[in-house]
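Chemist: Before I ask anything, let me first share the structure, which is written out below as structure tokens.
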Amino acid sequence: SIYFTNPQKSVEIITELLKNEDWEILKSYYYLDNCSQAVVDSMLSGDYFIRKNKPEVAHPGGFWKYKHPFPPAFNYASHEEIGNNIIRVNLRIEIDQGNGNIQQGRTSYFLIKLKNGYQIKPMQF
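Residue numbers for the sequence shown follow the numbering used here, beginning at 1 and rising by one.
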């Protein structure tokens, strides 16, 4: 297991791991207690993180490709503790569409605060 020192740093590290498709290291940042072997296997193969097939309706920025924890084009916005040592990390992106039109996007993921630092809380299937 590997831990983040703080929620903001987790965004930077996850972004690099997603870009590099380093699934094994990314998996090590996940809190895997009570996770099935199938989830762990899907993390190692990359299937947990990446979609292989483009949906019929998809954002042209390619955000559809990333299932978990977030598309790497997003940036840290804020974080908040929501209870039971669970932290919601909020992310945002701004896309300049020209002519002064800015499209904004938001997403979030969850961390769990542990004695040694923070780990990503996996989404349950």
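C-beta atoms are modelled at their ideal positions from N, C-alpha and C, and glycine is treated no differently.
Which whole-angstrom value is the C-beta distance of Phe70 and Leu91, which I expect to be below 8 Å?
Modeler: 6 Å
Chemist: So, at 7 Å on beta carbons, what are the nonlocal neighbours of Trp64 in its own chain, with the 5 sequence-adjacent residues on each side left out?
Modeler: Arg51, Lys54, Pro55 and Ala58
Chemist: When DSSP labels each residue in this structure, what does Gln37 get in the three-state scheme?
Modeler: It is helical.
Chemist: Is Ser10 helix, strand or coil by DSSP?
Modeler: helix
Chemist: For Arg106, which residues from the same chain have a beta carbon less than 6 Å from its beta carbon, with the 5 sequence-adjacent residues on both sides left out?
Modeler: Arg92
Chemist: How long is the line joining the alpha carbons of Gly46 and Asp96, rounded to whole angstroms?
Modeler: 31 Å
Chemist: For the beta strand (DSSP E) that Glu128 lies in, which residues bound it at each end?
Modeler: Residue 128 cannot be examined here, being either before or after the span of the chain that is shown, 1 to 125.
Chemist: Relative to the alpha-carbon of His79, which residue among Val39, Leu114, Val11 and Ser36 has its alpha-carbon at the smallest distance?
Modeler: The candidate whose alpha carbon is nearest that of His79 is Val11.
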